[in-house]
Amino acid sequence: MRSKSKRRLRGMFVSFEKQVATGSYIFVAKQKIFEKDPKELKKDFIFALKRLELLK
Numbered sequence: 001m002r003s004k005s006k007r008r009l010r011g012m013f014v015s016f017e018k019q020v021a022t023g024s025y026i027f028v029a030k031q032k033i034f035e036k037d038p039k040e041l042k043k044d045f046i047f048a049l050k051r052l053e054l055l056k
C-alpha cells in the first residue's frame with residue numbers, strides 16, 4: 001500500500017513539476033488517499049500547493 005501511495009503522489013507532483021517552485025519537498029499520505037478519485041486528489045493537491053504558495 002505504501003508504494004502505491006508513493007506512486008500516486010509522485011505522479012501528481014510530476015504533472016505539476018514545471019509549475020512548482022524549486023526546492024525539496026516531503027509529502028505525507030494518509031490512508032484516505034485510496035478513497036479519493038484522481039480528479040478529487042488533483043484538486044486537493046492544487047489547493048495545497050496554492051495554500052503553501054509553491055506554484056509559480
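Mapping of the sequence shown onto the UniProt record's numbering: residues 1 to 56, in sequence order.
Even for Gly, the Cβ is constructed at its ideal location relative to N, Cα and C.
The model shown is predicted, which means the values in this text are computed figures rather than measured ones.
Residues that residue i bridges to, as DSSP identifies them
i: residue 20; result: 55
Contacting residues, own chain, Cβ-Cβ under 7 Å from residue i (five flanking each side not counted)
i: residue 3; result: none
i: residue 55; result: 19, 20 and 49
Close beta carbons around residue i, own chain, < 8 Å, minus the five adjacent residues each side
i: residue 36; result: 44
Close-in-space but distant-in-sequence residues of the same chain around residue i (CB under 6 Å, 5 per side omitted)
i: residue 5; result: 29 and 33
i: residue 27; result: 9
Whole-Å CB distance - residue i paired with residue j, under 8 Å assumed
i: residue 12; j: residue 39; result: With 8 Å as the limit, residue 12 and residue 39 do not qualify as a contact, their Cβ atoms being about 11 Å apart.
Residue closest to residue i, alpha-carbon to alpha-carbon, out of the options
i: residue 15; options: 1, 24, 46 and 23; result: 46
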